[in-house]
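Engineer: Chains as they are written, first to last, in our numbering: chain A, 1 to 294; chain B, 295 to 660. Ideal Cβ placement from N, Cα and C applies to all residues, glycine included. Just so it is clear, the structure is predicted and the values come from calculations on it, not from any experiment.
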Amino acid sequence: MEKRVTFSSWTIGILFAVPQLLLIFTFFYWPAGQAVYWSLTLQQPWGGGNIWVGLDNFRSILANADYWNSITASLVFAGISTGLAMFVGLVLAALTDRQLTGSRFYRVVLIWPYGIAAPALAMAFRFILAPEAGFMAVVNQVWPGFWDPGLDGTDAMASIIIAFSWKYVGYNFIFFLAAFQAIPRSLIEAAAMDGSGVVRRFWDIQFPLITPTIFFLLVINITESFQDSFGIVDIMTSGGPANATNLMVYKIYSDGFKGLDYSGAAAQSIILMVLIVVLTIFQFRFIERRVHYR
Amino acid sequence: MASITIRDVKKSYAKMQVVHGVDLDIASGEFVVILGPSGCGKSTLLRMIAGLEDISGGEIAIDGTVVNKLEPRERGCAMVFQNYALYPHMSVAQNIGYSLKVAGVPAAERQLRIQAVARTLELEHLLDRKPMALSGGQRQRVAMGRAMIREPKVFLFDEPLSNLDAKLRVQMRSEIRKLHRRLNATSVFVTHDQVEAMTLADRLVVMNGGRVEQVGTPAQIYSRPASRFVATFVGAPAMNILEGTVELDGVSLLGGSRRLAMARAGLPVGTKVAMGIRPEAVRLVAPGTAGALDATVDLVEELGAGRVIYVDLDGAPFSVMTSEAVHPEPGSAVGLRFSPDDLHFFSSDTGTRLEVFKASVPEPVF
Numbered sequence: 001m002e003k004r005v006t007f008s009s010w011t012i013g014i015l016f017a018v019p020q021l022l023l024i025f026t027f028f029y030w031p032a033g034q035a036v037y038w039s040l041t042l043q044q045p046w047g048g049g050n051i052w053v054g055l056d057n058f059r060s061i062l063a064n065a066d067y068w069n070s071i072t073a074s075l076v077f078a079g080i081s082t083g084l085a086m087f088v089g090l091v092l093a094a095l096t097d098r099q100l101t102g103s104r105f106y107r108v109v110l111i112w113p114y115g116i117a118a119p120a121l122a123m124a125f126r127f128i129l130a131p132e133a134g135f136m137a138v139v140n141q142v143w144p145g146f147w148d149p150g151l152d153g154t155d156a157m158a159s160i161i162i163a164f165s166w167k168y169v170g171y172n173f174i175f176f177l178a179a180f181q182a183i184p185r186s187l188i189e190a191a192a193m194d195g196s197g198v199v200r201r202f203w204d205i206q207f208p209l210i211t212p213t214i215f216f217l218l219v220i221n222i223t224e225s226f227q228d229s230f231g232i233v234d235i236m237t238s239g240g241p242a243n244a245t246n247l248m249v250y251k252i253y254s255d256g257f258k259g260l261d262y263s264g265a266a267a268q269s270i271i272l273m274v275l276i277v278v279l280t281i282f283q284f285r286f287i288e289r290r291v292h293y294r
Numbered sequence: 295m296a297s298i299t300i301r302d303v304k305k306s307y308a309k310m311q312v313v314h315g316v317d318l319d320i321a322s323g324e325f326v327v328i329l330g331p332s333g334c335g336k337s338t339l340l341r342m343i344a345g346l347e348d349i350s351g352g353e354i355a356i357d358g359t360v361v362n363k364l365e366p367r368e369r370g371c372a373m374v375f376q377n378y379a380l381y382p383h384m385s386v387a388q389n390i391g392y393s394l395k396v397a398g399v400p401a402a403e404r405q406l407r408i409q410a411v412a413r414t415l416e417l418e419h420l421l422d423r424k425p426m427a428l429s430g431g432q433r434q435r436v437a438m439g440r441a442m443i444r445e446p447k448v449f450l451f452d453e454p455l456s457n458l459d460a461k462l463r464v465q466m467r468s469e470i471r472k473l474h475r476r477l478n479a480t481s482v483f484v485t486h487d488q489v490e491a492m493t494l495a496d497r498l499v500v501m502n503g504g505r506v507e508q509v510g511t512p513a514q515i516y517s518r519p520a521s522r523f524v525a526t527f528v529g530a531p532a533m534n535i536l537e538g539t540v541e542l543d544g545v546s547l548l549g550g551s552r553r554l555a556m557a558r559a560g561l562p563v564g565t566k567v568a569m570g571i572r573p574e575a576v577r578l579v580a581p582g583t584a585g586a587l588d589a590t591v592d593l594v595e596e597l598g599a600g601r602v603i604y605v606d607l608d609g610a611p612f613s614v615m616t617s618e619a620v621h622p623e624p625g626s627a628v629g630l631r632f633s634p635d636d637l638h639f640f641s642s643d644t645g646t647r648l649e650v651f652k653a654s655v656p657e658p659v660f
């Protein structure tokens with residue numbers, strides 16, 4: 001049994017929890033409730049009353065082809081960037097765990113990107129991936145017109161995926177490395193004695209034992225790719241070209257604060273929230289079954 | 295079945311050398327136990343045989359083939375680990391059968407062999423369980439099964455019993471012994487537990503500080519320890535050691551307060567020696583008896599079948615193990631008597647055994 005502090009009277013316990021409850025209420029439940037309320041009304045852009053419209057906001061959004069385009073872009077972005085960030089993080093962590101030369105160097109360097117704010121790293125990648133001056137300019141020199149995220153939607157999507165993945169590779173790496181290190185050395189040695197080679201050991205022993213971490217990172221990466229992508233999109237593409245990178249979270253901002261459609265933006269927030277909740281439930285329901293908790 | 299030849303094997307980590315040139319020949323089918331305190335390099339030596347550690351110097355050969363550069367899987371060894379190292383996500387059957395699966399043995403044959411091994415180890419009813427749901431003894435048996443199923447040339451055991459409780463340990467000890475008698479595979483067993491070592495070994499290798507101190511049968515190690523370290527490490531309670539100096543007609547003990555009359559046989563006068571006597575070779579007699587050492591009782595430890603009596607011999611600690619029904623009071627005086635045949639002498643400088651002393655009289659004279 002875990003030892004727990006218990007209070008004789010429940011009021012003391014509540015009192016201790018009050019600061020945290022206040023914070024959660026002020027910064028989560030209140031805004032969320034407000035968003036629900038706004039999504040069911042038509043708000044005036046400069047204040048001064050509103051009209052109850054029921055589900056009209058949702059109907060008009062879901063009837064809009066632009067919005068479906070945004071959902072598709074978000075799903076593509078989430079899928080590819082999560083896959084890329086997790087795959088690269090996993091490979092790097094597996095190599096570091098084997099104590100290859102330079103592993104200490106990786107360990108330090110790979111933790112840094114996660115500490116960089118999204119807009120700052122987006123600015124850096126905007127320079128790196130600029131078609132006329134950056135690294136890609138060299139490629140364009142060889143194949144003219146190969147790369148131009150300002151004109152080509154696919155290039156723009158690739159740019160934000162690269163920037164986002166770069167940030168999350170470090171995050172995933174730290175968790176994967178910790179998971180690998182938590183596997184007792186003797187298990188790997190036992191597998192080696194059983195005749196299993198490096199690759200076989202990875203798939204038979206290490207991979208199944210880090211599935212809890214893979215699952216955790218999958219949930220976090222997908223959730224973050226819907227939310228943390230805002231700063232990157234805003235700095236690198238502003239949703240363009242031709243809405244190719246207008247992710248759901250960015251569209252909420254541009255419709256709400258640039259288009260002054262508060263009610264539509266609120267409804268989009270609710271849809272995004274529901275989408276993330278549904279995806280998370282789906283992951284817990286169907287993927288967690290395949291996870292081996294020790 | 296295979297013989298193992300170890301020639302001048304060394305191991306160093308960065309600048310620290312942990313194994314200093316070990317030579318050892320293990321015959322085919324032999325059960326060899328490597329005994330030593332923690333940090334003596336015994337596990338490292340075992341892991342070098344297994345291929346889990348690189349060999350820094352020297353040569354290890356299994357069945358005449360030098361294995362220095364071979365991967366663990368190419369050496370034909372199976373190993374039982376201290377913490378069992380069972381794969382937590384696999385069932386008992388999968389754990390036992392994993393090596394066969396890796397080797398590409400067809401599923402049907404694999405099942406038959408898993409069943410056969412499980413029957414030997416009485417694990418049949420547990421085959422579908424995960425290691426988490428097993429007791430310590432059962433996990434131990436699964437680990438043995440995993441090693442057995444490959445029918446390896448060599449069995450390696452890395453302190454496999456030290457995580458078990460005392461009763462289970464005794465039981466598993468005899469099971470390992472029986473198993474070895476049946477399979478007759480060459481086995482190397484590493485432990486720091488001398489009872490385990492004495493009971494299991496055909497031959498015992500005592501290691502200390504990365505060196506082999508002595509190799510011999512358990513009886514040889516006990517009766518003729520090759521060094522002061524072996525003498526005090528093997529046997530419980532430990533052998534008593536009294537420091538002394540060689541004189542013309544005997545040994546002066548404890549800074550001159552006691553003398554033992556003996557023929558000197560070759561050692562120069564003034565040589566420092568350590569005289570050893572096992573607690574179980576000492577008899578208690580009435581204080582003042584001729585030819586006995588007088589001492590004061592410090593403490594009596596009751597063991598049921600016998601007792602250990604700790605006495606103070608002019609400030610030096612000394613213990614006596616007796617099965618007689620004597621219960622001396624702490625503080626009382628006793629006489630200690632022993633046969634000169636039971637005395638061991640070691641060089642004070644190097645700790646090596648000195649065979650030069652011969653008792654001149656049937657009973658030592660003090």
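1. Cα separation between B/S521 and B/R631?
2. Hey, does A/M1 have any beta-carbon neighbour from chain B nearer than 7 Å?
3. What number of angstroms, rounded off, separates the C-alpha of B/V361 from the C-alpha of B/R433?
4. Is any beta-carbon of chain A found at less than 7 Å from that of B/Y392?
5. Have a look at A/A120 and A/I80 and give me their C-alpha separation to the nearest angstrom.
6. Could you pull out every residue in the same chain whose Cβ sits closer than 8 Å to the Cβ of A/A94, ignoring the five residues on either side in sequence?
7. In its own chain, which residues sit with a C-beta less than 7 Å from the C-beta of A/S196, not counting the 5 before and 5 after it?
8. Taking C-alpha atoms, which residue in B/A584, B/R367, B/D319, B/E574 lies nearest to B/M615?
9. The beta strand (DSSP E) with B/E596 in it runs from where to where?
10. Quick check: what's the CA-CA separation for B/G358 versus B/L417?
11. Mind checking who B/E541 pairs with in its DSSP beta bridge?
12. Got a sec: is the Cβ-Cβ distance from B/F451 to anything in chain A below 7 Å?
13. State buried or exposed for B/D643, treating a residue as buried only when at least 16 other CB atoms are found within 10 Å of its CB.
14. Please state whether the Cβ-Cβ distance between B/V524 and B/Q514 is less than 7 Å.
15. For a cutoff of 7 Å on Cβ pairs, would you count B/V655 as touching chain A?
16. Return the residues of the region 177-191 of chain A that lie within a Cβ-Cβ distance of less than 8 Å from chain B, sorted by chain order.
17. In angstroms with no decimal places, state the Cα-to-Cα distance between A/A218 and A/E288.
18. Taking a cut of 7 Å between CB atoms, which residues from the region 204-232 of chain A lie near chain B?
19. With the cut-off set at 7 Å, would you say B/R505 and B/H621 are in Cβ contact?
20. Give me the Cα-Cα distance between B/R463 and B/K336, rounded to the nearest whole angstrom.
21. Can you grab the Cα-Cα spacing for the pair A/P113 / B/R407, in whole Å?
22. For B/L554, which of B/I470, B/A491, B/T480, B/G538 has the nearest alpha-carbon?
23. For the region 424-502 of chain B, list the beta strand (DSSP E) runs that are entirely contained and at least 3 residues long, ordered along the chain.
24. Is it right to say A/K258 is buried, meaning 16 or more other beta carbons lie within 10 angstroms of its own, or is it exposed?
25. What residues in the region 332-365 of chain B bring their beta carbon closer than 7 Å to a beta carbon of chain A?
26. At a Cβ cut of 8 Å, what residues of the region 629-649 of chain B count as close to chain A, listed as they run along the chain?
27. List, in order along the chain, the chain A residues whose C-beta lies closer than 8 Å to that of B/N377?
28. Would you call the CB atoms of B/F325 and B/S546 closer than 7 Å?
29. Indicate whether A/G82 and A/S186 have their beta-carbon atoms separated by less than 7 Å.
30. Going along the chain, which residues of the region 390-417 of chain B sit with their C-beta nearer than 8 Å to a C-beta in chain A?
31. Distance check for B/N502 and B/V489, CA to CA, integer angstroms please.
32. Using a C-beta cutoff of 7 Å, does B/H314 count as contacting chain A?
33. Hey, how far is the Cα of B/S306 from the Cα of B/R341?
34. Helix, strand or coil for B/V655? Go by DSSP, reduced to three states.
35. Does A/S196 come within less than 7 Å of chain B when only Cβ atoms are used?
36. Output the distance between the C-alpha atoms of A/P45 and A/Y67, rounded to the nearest integer angstrom.
Structural biologist: In brief:
1. About 24 Å.
2. Note on A/M1: pLDDT 47, under 50, position unreliable in the model; the coordinate value appears next. Not one chain B Cβ lies under 7 Å of A/M1.
3. A direct Cα-Cα distance of roughly 30 Å separates B/V361 from B/R433.
4. Taking 7 Å as the threshold, the shortest C-beta distance from B/Y392 to chain A falls below it.
5. One C-alpha to the other measures close to 22 Å.
6. F176, F180, F202, Q206, listed in sequence order.
7. These residues qualify, in order along the chain: D204.
8. Comparing Cα positions, the closest option is B/E574.
9. Element bounds for B/E596: 587-596.
10. The alpha-carbon atoms of B/G358 and B/L417 are separated by roughly 36 Å.
11. In DSSP, B/E541 forms a bridge with B/G544.
12. It does not; no Cβ of chain A falls within 7 Å.
13. Exposed, by the Cβ-count rule.
14. Not in contact: B/V524 and B/Q514 (Cβ atoms no closer than 7 Å).
15. Because the pLDDT of B/V655 is 49, which lies under 50, any placement of that residue in the model is unreliable, and the question is left without a value.
16. Going along the region 177-191 of chain A in chain order, one finds P184, S186, L187, E189, A190, A191 with a Cβ nearer than 8 Å to chain B.
17. Sequence check: residue 218 of chain A is Leu here, not Ala. Taking C-alpha positions only, A/L218 is separated from A/E288 by approximately 11 Å.
18. Against chain B - using a Cβ distance shorter than 7 Å - the residues of the region 204-232 of chain A are I205, P208, L209.
19. Going by C-beta atoms, B/R505 is not nearer than 7 Å to B/H621.
20. So the alpha carbons of these two residues sit roughly 20 Å apart.
21. Within the model, the alpha-carbon separation for A/P113 versus B/R407 is close to 52 Å.
22. B/L554 has its Cα closest to that of B/G538, out of B/I470, B/A491, B/T480, B/G538.
23. Counting only runs of 3 or more, we get 448-452, 480-485, 497-502.
24. Looking at its Cβ environment, which holds fewer than 16 other Cβ atoms inside 10 Å, A/K258 is exposed.
25. Per Cβ criterion, the list reads A344, L346.
26. Cβ contacts with chain A: none found.
27. Neighbours of B/N377 on chain A, chain order: P184, S186.
28. Pairing B/F325 with B/S546 gives a Cβ-Cβ distance that is not under 7 Å.
29. At residue 82 of chain A the sequence reads Thr, which differs from the Gly that was named. Cβ distance not < 7 Å, so A/T82 and A/S186 don't count as in contact.
30. Of all residues in the region 390-417 of chain B, the ones placed with a Cβ closer than 8 Å to any Cβ belonging to chain A are Y392, S393, V396, A397, in chain order.
31. When rounded, the distance between both Cα atoms is 17 Å.
32. It does not; no Cβ of chain A falls within 7 Å.
33. Looking at the two C-alpha atoms, the distance is approximately 13 Å.
34. Reliability of the predicted coordinates at B/V655 is poor, the pLDDT of 49 falling under 50, and no value is obtained from them.
35. The beta carbon of A/S196 falls within 7 Å of a beta carbon belonging to chain B, placing the residue at that interface.
36. In a straight line, the C-alpha of A/P45 is about 21 Å away from that of A/Y67.
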